[in-house]
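K.L.:
Number of protein chains: 2
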Amino acid sequence: MFHKVLIAEDHESSNVSVRKTLEDAGIALCDYTYYCDDALQRAQKAFLTHEPYELLITDLSFEEDHRKQNIQNGVDLIAEIRKIQPHIKVLVFSVESKVSIIHQLFQDLDIDAYVRKARRDVEELKKALEALSKGNKYMPFALKQAVKTQNTYEFSEYDIILLTQLSQGMLQKDIPYYLEKNGYKPAGLSSVEKRLNLMRETLGCSKNEQLIAFCKDLGII
Amino acid sequence: MFHKVLIAEDHESSNVSVRKTLEDAGIALCDYTYYCDDALQRAQKAFLTHEPYELLITDLSFEEDHRKQNIQNGVDLIAEIRKIQPHIKVLVFSVESKVSIIHQLFQDLDIDAYVRKARRDVEELKKALEALSKGNKYMPFALKQAVKTQNTYEFSEYDIILLTQLSQGMLQKDIPYYLEKNGYKPAGLSSVEKRLNLMRETLGCSKNEQLIAFCKDLGII
DNA sequence: TTCTTCTTTACGGTTTCCCGTAAAAACAGC
DNA sequence: GCTGTTTTTACGGGAAACCGTAAAGAAGAA
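Top line first, the protein sequences correspond to chains W and X.
The numbering of the first sequence is this note's numbering, which starts it at -5 and goes up by one.
The numbering of the second sequence is this note's numbering, which starts it at -5 and goes up by one.
The structure is reproduced here in structure tokens:
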């Protein structure tokens, strides 16, 4: 089992639970922070004093408040800590449920475990710790419970620009001008129409209003 | 301070933290459930044996899983428990941050406290318990401020029907038929147009897409 | 280069939406 | 009953969106 663990989690209630879980698992030395910058600082210090953390447990989203932060989310935090300590194990603990996003964490950041904040999350945390301490990865429900809906459509940056502008009240016919001014291509009205049509078609939306509502629900815009 | 508290919270980690917070506050008798139906059942039983709960702490959203539930969210749970025990105090503990939704909880369900899952949530829980035990309500600071500055526009049931239908892809011109079929008045297309126009005007939206996005953000639809 | 293929744009017809005006209906008070 | 007010509906012109098709352009391969 691990000896020295670092927790980065802004929600106090989650932070407490993670700590308690580690305690129950017999991990005595566990430090915690509510901000990414603090976490990085602690990791740096621990590494320099030759007492590095073996495991980082972090959330993905951190809320902004009065304290200005350089690092504002878990992904960046992981990247920064890995720069100074490439082989630290990482467990991500978050509410995120989109398979594609979780998959990216394993693929791009090479994280070691993902536990979703959900009904049995403490139980899962324990299992994940178990697996990690044995040198295994832990990616539980990720591929099993394929998240609901046929959200197979991949929204491009271009799509999101269109949706954002629409949702901010820009007329469709004015979007070409906006696109051109900001250097996005294609900029023709027909292209805009075609793209919107494709999105509606793919997602089974008959009108733009429905499309906007759908994307709002997905948190894309 | 309270003597008997019931917790309904599906996330195990949050559930644990709330329990620990109550414990620290010296509340010995605290039961917890991960499902709404279980919570209702316990409340019923406690009430019938003349040992009712004094306080309900509940989340708003409960995730579905293999266990089919009659009650699927905190709002319904509160309503059901209040049917049998109208004066039970209620503290809602949720990630919801939309002012309009929280405001509705106080207004329509007459809840006694709201604590948002966030950076200092355990601290806030303690304060809320303190306030409640003294017979006070506990509102997040942001809400008190926002109550005044909140957009004065009151969404009627009729408005929400229009917005909902639009967001589900119904053509504007088909809405009169729908309204008439379901007995809503007025049902004329002009009335629909006028109402939508008023909403856009009042909320500073130039297009329906923007209106839908706005209302999605507010959590109205 | 030329040819092919794919992407982007331009254009026209149709539908839907937007908005103003006016008629019709509902409602209140007398 | 009548009269004035408000709400609802009907209608019509113009703008925007929608949709199909065809032309223009870009990219790649021979």
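Ideal placement from N, C-alpha and C gives every residue a C-beta, glycine not left out.
Every value quoted in this text rests on a predicted model; they were computed, and no experiment measured them.
Using 10 angstroms around the beta-carbon of residue 143 of chain W, count the other beta-carbons present and answer buried if the total reaches 16, otherwise exposed.
P.N.:
Residue confidence for residue 143 of chain W is low, a pLDDT of 40 falling below 50, so the modelled location carries little weight and cannot support an answer.
K.L.:
With a CB to CB cut of under 7 angstroms and the five nearest residues on each side skipped, what residues in its chain are close to residue 169 of chain X?
P.N.:
Here the set comprises 156, 159, 186.
K.L.:
Buried or exposed, going by whether 16 or more other CB atoms sit within 10 Å of the CB of residue 5 of chain W?
P.N.:
buried
K.L.:
Check the Cβ of residue 85 of chain W against every Cβ in chain X and list those closer than 8 angstroms, keeping chain order.
P.N.:
Those within 8 angstroms of residue 85 of chain W in chain X number zero; the least Cβ separation is about 13 angstroms.
K.L.:
Of all the CB atoms in chain X, is at least one closer than 8 angstroms to the CB of residue 152 of chain W?
P.N.:
no
K.L.:
Express the C-alpha separation of residue 81 of chain W and residue 207 of chain X in angstroms, rounding to a whole number.
P.N.:
Distance between the alpha carbons of residue 207 of chain X and residue 81 of chain W: 43 angstroms.
K.L.:
Are the beta-carbon atoms of residue 36 of chain W and residue 24 of chain W separated by less than 8 angstroms?
P.N.:
no
K.L.:
Following the continuous alpha helix (DSSP H) through residue 122 of chain X, name the residue where it begins and the one where it ends.
P.N.:
115 to 127 is the span of the alpha helix (DSSP H), which, as asked, contains residue 122 of chain X.
K.L.:
Starting from residue 112 of chain W, find everything on chain X with Cβ-Cβ shorter than 7 angstroms and list it in chain order.
P.N.:
Result: 5, 57.
K.L.:
To which residues does DSSP link residue 175 of chain X through a beta bridge?
P.N.:
Answer is none; residue 175 of chain X lacks a bridge partner.
K.L.:
Mind pulling the chain X residues with CB within less than 8 angstroms of residue 199 of chain W?
P.N.:
When 8 angstroms is used as the limit between beta carbons, residue 199 of chain W is near these residues of chain X: 163, in chain order.
K.L.:
List, in chain order, every chain W residue whose beta-carbon is nearer than 9 angstroms to that of residue 35 of chain X.
P.N.:
For residue 35 of chain X, no chain W residue has a C-beta closer than 9 angstroms to its own C-beta; the minimum C-beta separation is roughly 18 angstroms.
K.L.:
Closest to residue 77 of chain W by CA distance: which of W:60, W:41, W:67, W:195 is it?
P.N.:
W:41
K.L.:
Tell me the DSSP bridge mates of residue 67 of chain W?
P.N.:
W:55
K.L.:
How many angstroms separate the CA atom of residue 139 of chain W from the CA atom of residue 117 of chain W?
P.N.:
Confidence in residue 139 of chain W is poor, its pLDDT being 44 and thus under 50, which makes the residue's placement unreliable; the coordinate value appears in the next sentence. The straight-line gap from Cα to Cα measures roughly 17 angstroms.
K.L.:
For residue 189 of chain W versus residue 205 of chain W, is the C-beta spacing smaller than 8 angstroms?
P.N.:
no
K.L.:
So, are the CB atoms of residue 111 of chain W and residue 87 of chain W less than 8 angstroms apart?
P.N.:
yes
K.L.:
For residue 29 of chain W, tell me which candidate among W:209, W:19, W:65, W:39 has the shortest Cα-Cα distance.
P.N.:
W:65
K.L.:
Taking 8 angstroms as the CB-CB limit, is residue 25 of chain W close to chain X?
P.N.:
no
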